[in-house]
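J.: Take the sequence shown: its letters are residues 255 to 1169, numbered as in our numbering.
The beta-carbon is built from N, C-alpha and C at its ideal position, and this holds for glycine as well.
Treat the numbers as computed from the prediction; the structure is a model and nothing was measured.
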Amino acid sequence: MKISKITKNFNKLPLQIILIISFLTPTITLVGLVGYLSIKNSEKIVKEMINNLSQEIATQVVQNLDSYLALPQQISQNNYRLVQGNFLSFDNLQSWEYHLWQQIQDFPNIAFIAVANTNGEYRAGERLNNNIFTINMVSPNNNFTFKSFNTNELGEKTNLYKSLPNKDIREQIWYKKAITQGKQVWSDLHVSYLEPVLLISNLRPIDIDNNGKFEGFLNTTIKLDQLSNFLSSLKLSPSSQVFIVNNQGELIANSTLEIPFNQKDKTLILAQNSDDKLTSFIAKSLKNKISNFAEIKNTEKFIFSLDNDNYFTQVIHYQHYLGLDWFVVVVVPQSDFMKPINATFKVTILILLLALIIAIIISLLTSRWLAKPIQELATASYDLSQGNLTKKIKIQGVKELTNLSHAFNYMAEQLLTSLHALEKVNNELENRVLTRTQQLAEAKDKAEVANQAKSTFLANMSHELRTPLNAILGFAQLMMRSNTLPPQDKEKIGIINRSGEYLLTLINNVLDLAKIEAGKMSLNPQKFDLYRLLDELEDFLRLNAEQKGLQLIFEKHKETPRYLETDSVKLRQVLINLLSNAFKFTQEGGVSLFVKPEKLNLENEPKKINLRFEISDTGSGIEEKQIQELFKPFNQTDTGKNSQEGTGLGLVISRKFIELMGGEITVKSEITVGTTFLFNILANKVDNIPMEKESFVSRVIGLQSQDVASRILVVDDKTVNCQLLSSLLIPIGFAVREAYNGQEALNVWEEWQPHLIFMDMRMPVMDGYEATQAIKSTIKGNATAVIALTASVLEEEKVICLSAGCDDFLRKPFRQQAIFEIIQKHLGVEYIYESDSSFVDHNYDILTTENLMVMSDNWLKEMYSATLILDEDKILNLIREIPPENQNLANSLQELVNNFQLEQITQLIETIIQK
């Protein structure tokens, strides 16, 4: 995209600019490349030179340190031999004075040489900076006062040079370290008593008798300012620097000759606190880089930047076997070596500028030579664009431009011919476009009419099918409330009710398909327990598997989340459809379900997962050519037709539900081997869900005492629906009136002022929407609760009803309990429920888990499965299997079945299973 844009812009440039660019580009590239490579090669050489210089300096420093530190050890060894040969003794330190004075003159690099015994006596010969030689002493006889005496040419003490009280040698840090180590060792860094100079001592405790007791101590001390003198004498670049620190980062020596300690309190200075800017910067940079010098084991190299300059830094770890742990830091600035290279770079820039000027001059001359004939062509082209197709041009000079002028003249002739033909084609094309536009408009109108027809059909089908079912199911439930109805009749009414429920399921499937095709189906996500849903499905299908002698395997991956948020109702329906099909066409082997999560890794939706389901069977299989027809409405495979079961809608609806949940379904099958359906859905993981409370619903038989009977208005254009609600509510104790359209409802409301109105929304004369709006537009109308009753299955119908002013919403066919609950919700009435004693009056015991536990486990499992799938024939057959001695149990179960209270049986058996 970017390249094409650059090319497009380049094509817009004048020829002179293009020629200048053509000349300049190779010139600049060549000169620049040479200059760049030259600079880079020079930088590489500089780096090698700096590294070599740093290594050479570091080697010199290490060699000097080895030599400088070897002398104190040699002197200590010589003095030890004198003690060992009984030439000198720790019992008489005065005899040491001349010897120490003589040694300090022989070794100019030594600060002082000292000896001490365990009584606290101390003698030392010391050389000061001005070549003054002193004899130092401490004795318990003078309260351990440190006294330093000047000496004459014979080594004899003369006048007192300096006196310091309370300097018991045994309390000094070097003395304690020598005792603690018990062997030859270096002391800590310290400052001289007599002059401002940093010292370090070679300590050697002496045990002549080898009995573990020290007779005395030898101390040979050197001045470290000589190290700084050595570092400053090294041949470095103008701005290079070398300094030495200990493992605490404290300065020991510096090529800048900086004093490495605070002269007031005689404490060592950290290198990062140095007065020298470069020393301080390098020390701070090293601390930021390695945090601790002890991390450097051998040699480390770094590059730090300061004031637009790079400083090549090499740190060498120097260790001495007697306990020294120092670090030599060599710092070399790149700028010291880059000055000649920078000069070369400036020359390169000048050459480049000269080449640019020459290239510009040449390109300008060339472009002018070429531009004149091209300008003539441009003028002719402009005339051509203005319609002057008869003008001829003639150019002499450049051969290519001459050929171009001939081609231009020929083009003008062809263009004149084509123009006439184009006018003719253009007229024909305008006529075609106009015709096509009219056809598209007609097709759009037809599509909109067809879509509206679908919506109208869906609404009408929902109303026309569910309205009579409302009466069938409603009156069947109403008749079951009668206590005088014989059990045989109740059983027949129960069959009517269940047949109606099955018919309602079929109608819902057809309406679901219609809703899907009309684009009215939507997703209703809620939080649910996936494990519980799978367990319920497994229990639901277990008996079916056992009856057919098939294996049923439910398996979920260990990472499958338990709690999800999606449309669990549609997921359950999809799984039941696919698993039921698998059982339907499997005669041997088994059916399995496997669930596995797949992460999506969406940054904006971290909890969204892709859940994959796999349903497999060992059935007869499906032919390849019939797999393509599986998901067409009302279409069945040959195997499905042979089974004489199903409507051909299950897979169609399942696929649409899966697509609504963000997934897709595929199928693999092999004849005589089996079939596998695979689908996935998108869902959100949730941490937990509210615990579902179990409830047992008793039958409502009346209202508790109230001063004024609750007035309820039933509005429906179908008389049978009004009769149904009146028959249900009047025996309970409600005052009920009926109206058969919206206008009648308004009249009764004005006159009677009902507390609650059940309002059908589709009626002649005036519909429920208009009537509700008229009631709710008044102040007193807000005191009346309006409940919308509709047979529509569209989800948006609820929103429309509530926006019209309805207080609540119910679909037909409705459950009796839903009617009672919604009245209680809006009017606050309290009901009288059928008491448990009613069972006693009819010689039925209250059913408990203890009653059911007398039956076998197999009987309980079969009863549990039968109640889950509402198989009344199976339930009645299982009741007949109960032995005569448990007749009360049989009577209680029969009564629950007659009263459609199968959920109580299910819940009691669930309790036993959980135990």
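Could you compute how far the alpha carbon of residue 877 sits from the alpha carbon of residue 931?
T.: Stepping through the sequence shown from its first residue, residue 877 is reached at position 623. Stepping through the sequence shown from its first residue, residue 931 is reached at position 677. Distance between the alpha carbons of residue 877 and residue 931: 14 Å.
J.: What number of angstroms, rounded off, separates the C-alpha of residue 896 from the C-alpha of residue 839?
T.: Mapped onto the sequence shown, residue 896 falls at position 642. Mapped onto the sequence shown, residue 839 falls at position 585. Any reading at residue 896 needs caution, since the residue's pLDDT is 46, under 50, leaving its predicted position unreliable; the model's value is listed next. Cα to Cα, the separation comes out at about 10 Å.
J.: Tell me, please, which residues DSSP counts as bridged to residue 1026.
T.: Indexing the sequence shown from 1 puts residue 1026 at position 772. According to DSSP, which records beta bridges pairwise, residue 1026 is partnered with nothing at all.
J.: Could you round the C-beta distance between residue 816 and residue 784 to whole angstroms and report it? I think they count as a contact, below 8 Å.
T.: Your numbering for residue 816 matches position 562 in the sequence shown. Your numbering for residue 784 matches position 530 in the sequence shown. With 8 Å as the limit, residue 816 and residue 784 qualify as a contact, their Cβ atoms being about 6 Å apart.
J.: Looking at the structure shown, is residue 470 part of a helix, part of a strand, or coil, going by DSSP?
T.: In the sequence shown, counting from the first residue as 1, residue 470 sits at position 216. Residue state, collapsed to three classes: strand.
J.: Leaving aside the five residues before and after residue 521 along the sequence, list all residues of the same chain whose C-beta is less than 7 Å from its C-beta, in chain order.
T.: Residue numbering aside, residue 521 sits at position 267 when the sequence shown is read from its first letter. Cβ within range, chain order: 515.
J.: What does the alpha-carbon distance come out to for the pair residue 1002 and residue 1150?
T.: Working through the sequence shown from its first residue, we reach residue 1002 at position 748. Working through the sequence shown from its first residue, we reach residue 1150 at position 896. Computed Cα separation, rounded: 41 Å.
J.: Should residue 1139 be labelled buried (16 or more other beta-carbon atoms within 10 Å of its own) or exposed?
T.: Start at 1 with the first residue of the sequence shown, and residue 1139 comes out as number 885. Exposed is the call here.
J.: So, for residue 532: in the same chain, excluding its five sequence neighbours on each side, which residues have a beta-carbon less than 7 Å away from its beta-carbon?
T.: As a position in the sequence shown, residue 532 is number 278, starting the count at 1. 495, 585, listed in sequence order.
J.: When every heavy atom of the ligand COA is checked, does at least one fall within less than 7 Å of the C-beta of residue 572?
T.: This structure lacks the ligand COA, and indeed carries no ligand of any kind.
J.: Give the straight-line distance between the Cα atoms of residue 906 and residue 677, rounded to the nearest whole angstrom.
T.: For the purposes of this step, residue 906 is taken as the residue at position 652 of the sequence shown. For the purposes of this step, residue 677 is taken as the residue at position 423 of the sequence shown. Their Cα atoms are separated by approximately 55 Å.
J.: Compute the distance between the beta-carbons of residue 1172 and residue 1044, then report whether it is under 8 Å.
T.: Lying before the first or after the last residue shown, residue 1172 is absent from the chain, which here runs from 255 to 1169.
J.: Is the stretch 427–439 close to the stretch 554–561, with three or more CB pairs under 8 Å?
T.: At 8 Å Cβ cutoff, the stretches do not touch.
J.: When we look at the beta-carbon of residue 597 and count the other beta-carbons within 10 Å, is it buried (16 or more) or exposed?
T.: As a position in the sequence shown, residue 597 is number 343, starting the count at 1. Exposed.
J.: When the cut-off is 8 Å and only beta carbons count, does residue 317 lie next to chain C?
T.: Protein chain content of the structure displayed is limited to a single chain, and chain C is not contained in it.
J.: On the three-state DSSP scale, how would you describe residue 673?
T.: Within the sequence shown, the letter at position 419 stands for residue 673. Helix at residue 673.
J.: Residues in the same chain with beta-carbon distance under 8 Å from residue 980, minus the five sequence neighbours each way, listed in chain order, please.
T.: For the purposes of this step, residue 980 is identified with residue 726 of the sequence shown, where counting begins at 1. Once the five neighbours on either side are set aside, the close Cβ partners of residue 980 are 968, 990, 992.
J.: Using the three-state DSSP reduction, which class does residue 573 fall into: helix, strand or coil?
T.: Within the sequence shown, numbered from 1, the residue matching residue 573 stands at position 319. Strand.
J.: With DSSP as the reference, label residue 968 as helix, strand or coil.
T.: For this step, residue 968 is matched to residue 714 along the sequence shown. Three-state result, residue 968: strand.
J.: One question on the structure: do residue 936 and residue 864 come within less than 8 Å of each other, judged by their Cβ atoms?
T.: Looking up residue 936 in the sequence shown gives position 682. Looking up residue 864 in the sequence shown gives position 610. The answer is yes: Cβ separation under 8 Å.
J.: Can you give the beta carbon distance from residue 836 to residue 873, rounded, assuming they're within the 8 Å contact cut?
T.: As a working mapping, residue 836 is identified with position 582 in the sequence shown. As a working mapping, residue 873 is identified with position 619 in the sequence shown. With a Cβ gap of about 7 Å, residue 836 and residue 873 count as contacting.
J.: Report the rounded CA-to-CA distance for residue 530 versus residue 321, giving the unit in angstroms.
T.: For the purposes of this step, residue 530 is taken as the residue at position 276 of the sequence shown. For the purposes of this step, residue 321 is taken as the residue at position 67 of the sequence shown. If I take the Cα positions, the gap works out to 28 Å.
J.: Could you give the C-beta distance for residue 1012 and residue 1041, rounded to a whole number, given that I count them as a contact under 8 Å?
T.: Residue numbering aside, residue 1012 sits at position 758 when the sequence shown is read from its first letter. Residue numbering aside, residue 1041 sits at position 787 when the sequence shown is read from its first letter. Confirmed, Cβ separation roughly 5 Å.
J.: Leaving out five residues before and five after residue 507 in sequence, what residues of the same chain have Cβ atoms less than 7 Å from its Cβ?
T.: Mapped onto the sequence shown, residue 507 falls at position 253. Only 478, 481, 482, 485, 497, 498, 514 meet the Cβ criterion.
J.: Any contact of the stretch 453–460 with the stretch 402–421, i.e. 3+ C-beta pairs under 8 Å?
T.: Touching, no, given that fewer than three Cβ pairs across the two stretches are closer than 8 Å.
J.: Taking only runs that begin and end inside the stretch 442–502, name each unbroken beta strand (DSSP E) of 3 or more residues, in chain order.
T.: The qualifying runs are 452–460, 470–477, 495–500.
J.: Excluding sequence positions up to five away, which residues of its chain have a Cβ less than 8 Å from the Cβ of residue 449?
T.: In the sequence shown, counting from the first residue as 1, residue 449 sits at position 195. Answer for residue 449: 382, 383, listed in chain order.
J.: Please classify residue 908: does DSSP put it in a helix, a strand, or coil?
T.: The sequence position of residue 908 within the sequence shown is 654, counting from 1. DSSP places residue 908 in helix when its eight states are reduced to three.
J.: Quick check: what's the CA-CA separation for residue 1054 versus residue 1024?
T.: Here the question's residue 1054 lines up with position 800 in the sequence shown. Here the question's residue 1024 lines up with position 770 in the sequence shown. Approximately 12 Å between the Cα atoms of the pair.
J.: Within this structure, are the beta carbons of residue 869 and residue 955 separated by less than 8 Å?
T.: Translated into positions along the sequence shown, residue 869 becomes position 615. Translated into positions along the sequence shown, residue 955 becomes position 701. Contact flag unset, no.
J.: From residue 1079 to residue 994, what distance separates their C-alpha atoms?
T.: Stepping through the sequence shown from its first residue, residue 1079 is reached at position 825. Stepping through the sequence shown from its first residue, residue 994 is reached at position 740. The alpha-carbon atoms of residue 1079 and residue 994 are separated by roughly 25 Å.
J.: Taking the continuous beta strand (DSSP E) assigned at residue 809, which residues delimit it?
T.: Taking the sequence shown and counting its residues from 1, the one referred to as residue 809 is at position 555. From DSSP, the beta strand (DSSP E) with residue 809 extends over 805–810.
J.: Work out the CA separation of residue 996 and residue 1030 for me, nearest whole Å.
T.: Stepping through the sequence shown from its first residue, residue 1030 is reached at position 776. Stepping through the sequence shown from its first residue, residue 996 is reached at position 742. Cα-Cα distance, rounded: 13 Å.
J.: By how many angstroms is the C-alpha of residue 805 removed from the C-alpha of residue 843?
T.: Your numbering for residue 843 matches position 589 in the sequence shown. Your numbering for residue 805 matches position 551 in the sequence shown. C-alpha separation (whole angstroms): 6 Å.
J.: Consult DSSP for residue 1160 and reduce its assignment to one of helix, strand or coil.
T.: What you label residue 1160 is simply residue 906 of the sequence shown in a count that begins at 1. Helix at residue 1160.
J.: Quick one: what does DSSP say residue 1069 is sitting in, helix, strand or coil?
T.: The residue given as residue 1069 occupies position 815 in the sequence shown. Here residue 1069 sits in coil by DSSP.
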